[in-house]
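Numbering (UniProt numbering), first residue to last: 1 to 109.
In structure tokens:
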């Protein structure tokens with residue numbers, strides 16, 4: 001059984017704030033694309049709606065949606081929002097990633 005990725009408190013709070021500022025639903029879409037320095041890269045964006053093939057998890061009223069193709073590569077992951085001196089970004093803790101890059105935005109299986 002494939003486990004839909006989940007949001008941390010920090011990620012849910014950040015998505016809710018961005019969605020409110022843009023007057024959009026609090027739906028974060030996470031997808032995986034080919035590319036990046038390790039083979040695959042994560043792509044984040046606010047979604048207007050949930051698609052038929054999406055897997056959905058919810059945290060504090062914020063939905064995280066993942067398409068069926070991407071889900072196989074990021075099942076069991078956790079999406080966090082991290083602020084540091086280098087900036088602020090969403091980060092994916094992916095238990096399936098065998099390799100990653102220094103920037104944290106790409107991975108290999």
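A virtual CB, placed ideally from N, CA and C, is assigned to each residue, including glycine.
Query	Result
Where residue 96 sits in the DSSP three-state scheme	coil
C-alpha gap between residue 87 and residue 53, whole angstroms	33 Å
Same chain, Cβ closer than 7 Å to residue 89, five either side skipped, listed in chain order	82
Buried or exposed (CB count within 10 angstroms, at least 16 for buried), residue 5	buried
Residue burial classification, residue 85 (beta-carbon count within 10 angstroms, cutoff 16)	exposed
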